[in-house]
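Residue numbers (the numbering used here): 1 to 420.
Given below as structure tokens:
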């Protein structure tokens, strides 16, 4: 059974103060999980997790992670700004973006963030933008057909828009060294929600070998490798959590085999995980407000895919429990749906559940990453707010619900009256 930090009485009382739908994050769970992750990878001389801000872009969450030693991985100007607000600054921020506007490079450079270039042509673009290249640069590597077994979310590397080819990346380091760049990193990201430890060990092997090749061919000493993210979480009841220790020890074995004898030791190891850090400790809470009996049995909620689009977009599975009925027999089959004018607006399809009555509170699990962050306003839907359950069991609001005024804020409403 999936864990939830509040009982039915506590959740019911909370929903009286903060009407559904809302996200609830468990601070204690996030902190303990981050400590477990850090401990596993402490077997490397230098290690840091750079939390993928896109997974949960709330400065309260980022500040918690900063207190646990996290850096940040950012892909846009607002994410850079949120990280700074949360106290994550300078080289603790890696700016991994693509098709990047000049102003965003300027901001990252001015704030001494590490810039991770996504394309060979961005070398000259960055030089023209800044007037010179930064002292530290990183490049994103796309291994193409050299990397197998990637899942469908990112797809085959050779069909992904990200990164440089092997040939391009060698030239990139050579050119940047000649341009005066002094410190270098190497990055790749080829997975999303992957549960196999072997996948990440193999990726590290590939990146380590490339770092050695770069040194041999260009004289560039790679100082850190960013292994990206992609560690999955067990959304389904029959899936198992990725064993951080197994991944860390497997990568350490490749490190000792390749990096140590090459003279690249000590090499800093970075991750940019988002999903495994906050995903299991965020919950979308909604209420059953309708039932429908036609060709199938439906439960309509007061939320929709504007609050959580993963099931509608990817067909992704999220466990759903009915508060107060966790141990009841699952003798009904429902589609649990929202009110969006899209037939894919379904949190669950043909799901075995206990009987659901109008007014029941539903807990959608594992929504702490790529949940509220991927929200949208189609159909004029107002995105829900976010709450944080502190370690002392107090609950605070860390993002209020959107209002009609928020939705209309960019419209010139007054101008409509004089429009002809």
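All C-beta atoms, glycine included, are put in the ideal place defined by N, C-alpha and C. Please read all numbers here as calculations on a predicted model, not as lab measurements.
If we ignore side chains and look at the alpha-carbon of each, how far apart do residue 171 and residue 255 end up? For residue 171 and residue 255, the distance between alpha carbons rounds to 24 Å.
Three-state secondary structure assigned by DSSP to residue 205: Helix at residue 205.
With hydrogens ignored, establish whether the beta-carbon of residue 214 is closer than 7 Å to any heavy atom of the ligand COA. Ligands in the displayed structure: none, and consequently the ligand COA is not present.
Assigned secondary structure, residue 331 (DSSP; H/G/I helix, E/B strand, else coil): Annotated three-state conformation of residue 331 is coil, per DSSP.
C-beta contact flag for residue 280 and residue 69 at 8 Å: It is not a contact, given that the beta carbons lie outside the stated cut-off.
Considering only C-alpha positions, which residue in the set 209, 45 and 283 is nearest to residue 6? With respect to the C-alpha of residue 6, the residue from 209, 45 and 283 having the closest C-alpha is 283.
If we count the other Cβ atoms within 10 Å of its Cβ and call it buried at 16 or more, is residue 411 buried or exposed? So residue 411 ends up on the exposed side.
From the DSSP output, in three-state form, read off residue 374 for me. DSSP places residue 374 in the helix class (H, G or I) of the three-state scheme.
Using 8 Å for Cβ pairs, my map puts residue 366 next to residue 235. What's the rounded Cβ distance? Their Cβ separation, rounded to whole angstroms, is 5 Å, which keeps residue 366 and residue 235 in contact under 8 Å.
Environment of residue 305 [buried if 16+ CB atoms lie within 10 Å]: Burial state of residue 305 is buried, judged by a 10 Å Cβ sphere holding 16 or more other Cβ atoms.
Grab me the residues of residue 259's own chain with a C-beta within less than 6 Å of its C-beta, minus the 5 sequence neighbours each way, in chain order. Only residues of its own chain outside the window of five on either side were considered, and among them 208, 265 and 267 have a CB closer than 6 Å to the CB of residue 259, listed in chain order.
Residue 250 to residue 223 span [Cα, whole Å]: Cα to Cα, the separation comes out at about 20 Å.
Other residues of its chain near residue 237: CB distance less than 7 Å, five sequence neighbours each side excluded: Setting aside the 5 residues that flank it on each side, residue 237 is surrounded in the same chain by 319, each with a C-beta closer than 7 Å to its C-beta; the list follows chain order.
If contact is defined by three or more beta carbon pairs under 8 Å, each pair taking one atom from either stretch, is the segment 381 to 391 in contact with the segment 20 to 27? Of all C-beta pairs linking the segment 20 to 27 to the segment 381 to 391, three or more are shorter than 8 Å, placing the two stretches in contact.
DSSP three-state call for residue 301: helix, strand or coil? Looking at residue 301 - three-state DSSP - the assignment turns out to be strand.
Would you kindly work out how many angstroms separate the C-alpha atoms of residue 391 and residue 261, rounded to a whole number? C-alpha separation (whole angstroms): 45 Å.
What is the DSSP secondary structure of residue 40, counted as helix, strand or coil? In the three-state reduction of the DSSP assignment, residue 40 falls in the helix class, which pools H, G and I.
Reducing DSSP to helix, strand and coil, say where residue 168 ends up. Residue 168 falls in the helix class under three-state DSSP.
Which term fits residue 313, buried or exposed, when burial requires 16 or more other beta carbons within 10 angstroms of its beta carbon? With fewer than 16 other Cβ atoms within 10 Å, it is exposed.
Residue nearest to residue 194 in terms of C-alpha spacing, selected from 276, 328, 9 and 221: Nearest in C-alpha terms to residue 194, of all of 276, 328, 9 and 221, is 276.
Residue 397 - partner residues in DSSP beta bridges: As a beta-bridge residue in DSSP terms, residue 397 pairs with 387.
Endpoints, alpha helix (DSSP H) assigned at residue 84: Counting along the chain, the alpha helix (DSSP H) containing residue 84 begins and ends at 77 to 85.
Taking Cβ positions, are residue 300 and residue 289 nearer each other than 8 Å? Yes.
Can you say whether residue 405 is buried or exposed, counting buried as having 16 or more other CB atoms within 10 angstroms of its CB? Around the beta carbon of residue 405, fewer than 16 other beta carbons sit within 10 angstroms, so the residue counts as exposed.
Own chain partners of residue 73 with C-beta closer than 7 Å, once the 5 adjacent residues on each side are dropped: Result list for residue 73: 50, 51, 52, 53, 94, 96 and 272, in chain order.
In the DSSP assignment, find the alpha helix (DSSP H) that holds residue 426 and state where it starts and stops. Residue 426 is absent from the structure shown; the chain starts at 1 and stops at 420.
Measure the Cβ-Cβ separation of residue 190 and residue 143 and say whether it is below 8 Å. Residue 143 is positioned such that its CB atom lies closer than 8 Å to that of residue 190.
Nearest to residue 324 by alpha carbon, out of 293, 287 and 113? Closest by alpha carbon: 287.
Below 8 Å CB to CB, which residues in the same chain sit around residue 78 once its five sequence neighbours on both sides are set aside? These residues qualify, in order along the chain: 57.
Which of helix, strand or coil does DSSP assign to residue 406? Three-state result, residue 406: helix.
My output table needs one value for residue 317: the three-state DSSP class, helix, strand or coil. In this structure, residue 317 counts as coil in the three-state DSSP scheme.
Using CA atoms only, rank isn't needed, just tell me which of 210, 248 and 203 is closest to residue 227. Among 210, 248 and 203, the Cα nearest to that of residue 227 is on 203.
So for residue 5, helix, strand or coil by DSSP? When DSSP states are grouped into helix, strand and coil, residue 5 belongs to the coil group.
Burial state of residue 379 (16 or more Cβ within 10 Å): Exposed: under 16 other Cβ atoms inside 10 Å.
Give the straight-line distance between the Cα atoms of residue 152 and residue 232, rounded to the nearest whole angstrom. Here residue 152 scores only 47 on pLDDT, less than 50, and its place in the model should not be relied on; the value that follows carries that caveat. Between residue 152 and residue 232, the C-alpha separation is close to 13 Å.
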